[in-house]
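**Student:** One line per chain: the protein sequences are A and B, in this order. If you want the numbering used here, it's the 1-based position in the first sequence plus 172. If you want the numbering used here, it's the 1-based position in the second sequence plus 44.
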Amino acid sequence: MSDRWVRRWVIGLVLAYLGAILVVPLFSLLSVVVGAPDRAIDGLLRPEAIDALTRTLTVTAVVVVGNVTMGVAAAWLVVRDPMRGRAALDALLDLPLAVSPVMTGLSLLLLFGRNGWLASPLSSMGVVVPFQWPAILLATLFVTLPFTAREVILVLRELGTSQEEAAATLGATGWQTFWRVTLPNLRSAVALGATLTAARALGEFGAVLVVGGAIRGRTQTATTFIHTAMEERQEEAAYAMSLVLAFLAILLLAALTALGRPRRSP
Amino acid sequence: MKPFAPLRWLVLAWVGALVLLPLAATVAAAGALGFRGLVDAVTAPAAVEALWLSAWTGCIATLINVPFGTAIAWMIVRWRVAGHRWLSALVDLPLSIPTLVVGILLVALYGPASPLGGVLEAAGVRVAYARPGIVLALLAVTLPFVVRAVEPVLAELDPAEEEAAVTLGARPAQVFWRVLLPPLLPAMGAGGVQVFARSVAEFGSLSVVSGNILGETLVAPVYVLGEVEAGNPGGAAAVSVVLLAVSLTLHPLSRALSRAAGAGHV
Numbered sequence: 173m174s175d176r177w178v179r180r181w182v183i184g185l186v187l188a189y190l191g192a193i194l195v196v197p198l199f200s201l202l203s204v205v206v207g208a209p210d211r212a213i214d215g216l217l218r219p220e221a222i223d224a225l226t227r228t229l230t231v232t233a234v235v236v237v238g239n240v241t242m243g244v245a246a247a248w249l250v251v252r253d254p255m256r257g258r259a260a261l262d263a264l265l266d267l268p269l270a271v272s273p274v275m276t277g278l279s280l281l282l283l284f285g286r287n288g289w290l291a292s293p294l295s296s297m298g299v300v301v302p303f304q305w306p307a308i309l310l311a312t313l314f315v316t317l318p319f320t321a322r323e324v325i326l327v328l329r330e331l332g333t334s335q336e337e338a339a340a341t342l343g344a345t346g347w348q349t350f351w352r353v354t355l356p357n358l359r360s361a362v363a364l365g366a367t368l369t370a371a372r373a374l375g376e377f378g379a380v381l382v383v384g385g386a387i388r389g390r391t392q393t394a395t396t397f398i399h400t401a402m403e404e405r406q407e408e409a410a411y412a413m414s415l416v417l418a419f420l421a422i423l424l425l426a427a428l429t430a431l432g433r434p435r436r437s438p
Numbered sequence: 045m046k047p048f049a050p051l052r053w054l055v056l057a058w059v060g061a062l063v064l065l066p067l068a069a070t071v072a073a074a075g076a077l078g079f080r081g082l083v084d085a086v087t088a089p090a091a092v093e094a095l096w097l098s099a100w101t102g103c104i105a106t107l108i109n110v111p112f113g114t115a116i117a118w119m120i121v122r123w124r125v126a127g128h129r130w131l132s133a134l135v136d137l138p139l140s141i142p143t144l145v146v147g148i149l150l151v152a153l154y155g156p157a158s159p160l161g162g163v164l165e166a167a168g169v170r171v172a173y174a175r176p177g178i179v180l181a182l183l184a185v186t187l188p189f190v191v192r193a194v195e196p197v198l199a200e201l202d203p204a205e206e207e208a209a210v211t212l213g214a215r216p217a218q219v220f221w222r223v224l225l226p227p228l229l230p231a232m233g234a235g236g237v238q239v240f241a242r243s244v245a246e247f248g249s250l251s252v253v254s255g256n257i258l259g260e261t262l263v264a265p266v267y268v269l270g271e272v273e274a275g276n277p278g279g280a281a282a283v284s285v286v287l288l289a290v291s292l293t294l295h296p297l298s299r300a301l302s303r304a305a306g307a308g309h310v
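Here it is as structure tokens:
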């Protein structure tokens, strides 16, 4: 067989493969929703759908701010701070990637639920986590912790310390060096981390389902709304919400591509 | 720069409270069962079947995505096929699209209500709510791993070696098997390990597409959810800890292979 034929066969096979696992399914979802637009729109305009989507967007915004800030701080400690145990911190930042989302939910349930270590101190302060909004927030913070930190760690390691040392020699304080020298170099890493964080926060399902309970009007998110709708055999509503999330994902993907792809697979 | 003590405490408290404490609570809950209880929970027939199903579907996904991922990386880096930018973006799609939505996409195409699903059903083939659906979902969500692991190594291969082989009279197949493939093997291995690790932890897409039939399509993470819902957090914790142990064993293996591959990827 000639080289060209090998190439044609490989390309044909790969395209058929990608078609079967992603592209054709995506178009078939689109065609189902577009085929019956009234029912899709009805499904999406139901108050519980709007409520769920609003909750997801709010949590995503809070989580992006929280974990981008803490991610940069943690990355800085891992790479620059001479403290003991920074290798452990580095490993800890990667840990959520190794945990199944269901286990994340279960862990939070065991920590904050009845007889959990933190249940009685928190309930004496009037804070209840399981099946309330803090559950959604904590679960989403847990699963998105690594994204910004990992991107920033990579860039900080590559940058080295010469610029920062130069700034310090010229009399800059620690804060000045950080804001004027270090942070500007981290801009694209932070943007990449924020995009990955947002994508995961919008789409988190398992952890949020287990510790949040998908309670309508209280802890229902966009993904758990889809799950509930499927169980109640309201496919139109589930498909319409899935299309909304797929659309948001494609927007974030465009941002990812513009920023340069993640260098490491997650 | 001088270490800034309050920052250290803030980051350590954030990471500790968010990740370490919940996971410790789960390990403690599993440990509270005692050795016998732990063994009983993990060797319960339903648990064994779920773990076994997760393991072998994960193996199949790995065996398929390693060659296909390598071929896709080849198309992007070496052949620069028309539209390789789009191809590259498509490979990243599973990073941004919610995993639950991947399940919905597959049901929309292969489910019994869809035209294709109807045809397949008539032919006696069940994809959605059956084992083939599990494998398809795993293939879709783990698509990026091998591609992203192989790409940088392939980009850095020295074309001189290939040219030398051709000059010395090697046939194209010989060049591929003896010159091009061997340096890619560690990267393919690293990607493959990531595929398997993710497959065993995968929840969102499978909770939709597998149908969750006990003993037939119930994978380990969905089994964990069932135990939580059945009010058996100890059993859920035991199986979760097994999954976490698998993933923590594979993580260093994938890192070592990436290091051996020697490009990009840390």
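In this text, a Cβ means the ideal position worked out from N, Cα and C, and glycines have one as well. Remember, predicted model here, so these are calculated numbers, not experimental data.
With 8 Å as the limit, tell me which residues of the stretch 297 to 322 of chain A have their beta carbon closer than that to any beta carbon of chain B; keep them in chain order.
**Tutor:** From the stretch 297 to 322 of chain A, only LEU310, LEU313, PHE314 and LEU317 have a Cβ closer than 8 Å to chain B.
**Student:** Interface residues of chain B around ILE387/A at Cβ under 9 Å?
**Tutor:** None at all; the shortest Cβ gap to chain B is about 14 Å.
**Student:** Closer than 7 Å, Cβ to Cβ, to anything on chain A: give me those residues from the stretch 281 to 305 of chain B, in chain order.
**Tutor:** ALA281, SER284, LEU287, LEU288, SER291, LEU292 and HIS295
**Student:** If we define contact as Cβ-Cβ less than 7 Å, is LEU294/A a contact residue for chain B?
**Tutor:** no
**Student:** With a CB to CB cut of under 8 Å and the five nearest residues on each side skipped, what residues in its chain are close to LEU358/A?
**Tutor:** VAL244, VAL324, VAL327 and LEU328
**Student:** At a Cβ threshold of 7 Å, is SER98/B touching chain A?
**Tutor:** SER98/B does not count as touching chain A.
**Student:** For GLU246/B, does the three-state DSSP call read helix, strand or coil?
**Tutor:** DSSP places GLU246/B in coil when its eight states are reduced to three.
**Student:** Does the Cβ of ILE257/B have 16 or more other Cβ atoms within 10 Å, making it buried, or fewer, making it exposed?
**Tutor:** exposed
**Student:** Between VAL244/B and SER296/A, what straight-line distance do the alpha-carbon atoms span, to the nearest angstrom?
**Tutor:** 39 Å
**Student:** Can you pull out the residues from the stretch 150 to 162 of chain B whose beta carbon lies closer than 9 Å to at least one beta carbon of chain A?
**Tutor:** LEU150, VAL151, ALA152, LEU153, TYR154, GLY155, ALA157, SER158, PRO159 and LEU160
**Student:** Which residues in the same chain as TYR267/B place their Cβ atom closer than 6 Å to its Cβ, once the five residues preceding and following it in sequence are excluded?
**Tutor:** Contacts found: ALA94.
**Student:** Helix, strand or coil, according to DSSP, for LEU288/B in the structure here?
**Tutor:** helix
**Student:** With MET255/A and LEU264/A assumed to form a contact (beta carbons below 8 Å), what rounded beta-carbon distance in angstroms separates them?
**Tutor:** No, MET255/A and LEU264/A are not in contact; Cβ-Cβ is about 13 Å, not under 8 Å.
**Student:** Where are the alpha helix (DSSP H) runs, 4 residues long or more, that stay fully inside the stretch 265 to 321 of chain A, in chain order?
**Tutor:** Listed in chain order, the alpha helix (DSSP H) runs fully inside the stretch 265 to 321 of chain A are 273 to 284 and 291 to 296, counting runs of at least 4 residues.
**Student:** Under 7 Å, do SER140/B and LEU425/A count as touching if we go by C-beta distance?
**Tutor:** yes
**Student:** Can you tell me where the alpha helix (DSSP H) holding TRP347/A begins and where it ends?
**Tutor:** It spans 346 to 349 - the alpha helix (DSSP H) in which TRP347/A sits, taken as one unbroken run.
**Student:** Any beta-carbon of chain B closer than 7 Å to the one on TRP289/A?
**Tutor:** yes
**Student:** Of all Cβ atoms in chain B, is any one closer than 7 Å to the Cβ of SER437/A?
**Tutor:** Below a pLDDT of 50, predicted positions are generally treated as unreliable, and SER437/A, at 41, falls in that range; the measurement from the model is reported next regardless. SER437/A counts as touching chain B.
**Student:** Is the beta carbon of VAL146/B sitting closer than 7 Å to the one on ALA184/B?
**Tutor:** yes
**Student:** Considering only residues of the same chain and omitting the five flanking positions on each side of VAL135/B, which have a CB-CB separation below 7 Å?
**Tutor:** Non-local beta-carbon contacts of VAL135/B in its own chain, meaning distances under 7 Å to residues more than five positions away in sequence, involve ILE116, LEU187, PRO188 and VAL191 in chain order.
**Student:** Just to confirm, are ALA154/A and THR226/A a CB contact at a threshold of 7 Å?
**Tutor:** Nothing can be reported for residue 154/A, as the shown portion of chain A is limited to 173 through 438.
**Student:** Mapping the DSSP letters down to three states, classify ALA192/A as helix, strand or coil.
**Tutor:** helix
**Student:** Give me the chain B residues within the contact set of LEU265/A, using Cβ-Cβ distance strictly less than 7 Å, ordered along the chain.
**Tutor:** VAL59
**Student:** Going along chain A, which residues have a C-beta under 7 Å from MET119/B?
**Tutor:** ILE183 and VAL186
**Student:** Less than 7 Å between the C-beta atoms of PHE247/B and SER279/A, yes or no?
**Tutor:** Contact: no.
**Student:** Can you tell me the Cβ-Cβ gap for LEU150/B and LEU180/B, rounded? I've got them flagged as a contact below 8 Å.
**Tutor:** Going by Cβ atoms, the distance from LEU150/B to LEU180/B rounds to 6 Å, so yes, they are a contact pair.
**Student:** Output the residue ranges of the alpha helix (DSSP H) runs that lie fully inside the stretch 216 to 261 of chain B and measure 4 residues or longer, sorted by chain position.
**Tutor:** 225 to 245 and 248 to 253
**Student:** Could you have a look at ALA213/A and say whether DSSP puts it in helix, strand or coil?
**Tutor:** Per the sequence shown, residue 213/A should be read as Ile rather than Ala. In this structure, ILE213/A counts as helix in the three-state DSSP scheme.
**Student:** How about ALA72/B and ALA282/B: are their beta carbons less than 7 Å apart?
**Tutor:** no
**Student:** So is LEU283/A in contact with chain B if we call contact Cβ pairs under 7 Å?
**Tutor:** yes
**Student:** Taking its Cβ as the centre, do 16 or more other Cβ atoms sit within 10 Å of PRO230/B, making it buried, or is it exposed?
**Tutor:** buried
**Student:** Look at the alpha carbon of SER98/B and the alpha carbon of VAL299/A, and state the distance between them as a whole number of angstroms.
**Tutor:** 37 Å
**Student:** Within 7 Å of any Cβ in chain B, is that where the Cβ of THR429/A sits?
**Tutor:** Answer yes: the Cβ-Cβ gap between THR429/A and chain B drops below 7 Å somewhere.
**Student:** The stretch 120 to 138 of chain B: which residues have C-beta closer than 9 Å to a C-beta of chain A, in chain order?
**Tutor:** TRP123, VAL125, ARG129, LEU131, SER132, ALA133, LEU134, VAL135, ASP136, LEU137 and PRO138
**Student:** Enumerate in chain order the residues of its own chain whose CB-to-CB distance from HIS282/A is below 8 Å, with the five nearest sequence positions on each side excluded.
**Tutor:** A small fix is needed here, since residue 282/A is Leu in this sequence, not His. Its chain contains GLY288 as the residues whose beta carbon lies nearer than 8 Å to that of LEU282/A, once the 5 sequence neighbours on both sides are disregarded; these appear in chain order.
**Student:** Using a Cβ-Cβ cut-off of 7 Å, state whether GLY378/A counts as contacting chain B.
**Tutor:** Yes, GLY378/A counts as interfacial toward chain B.
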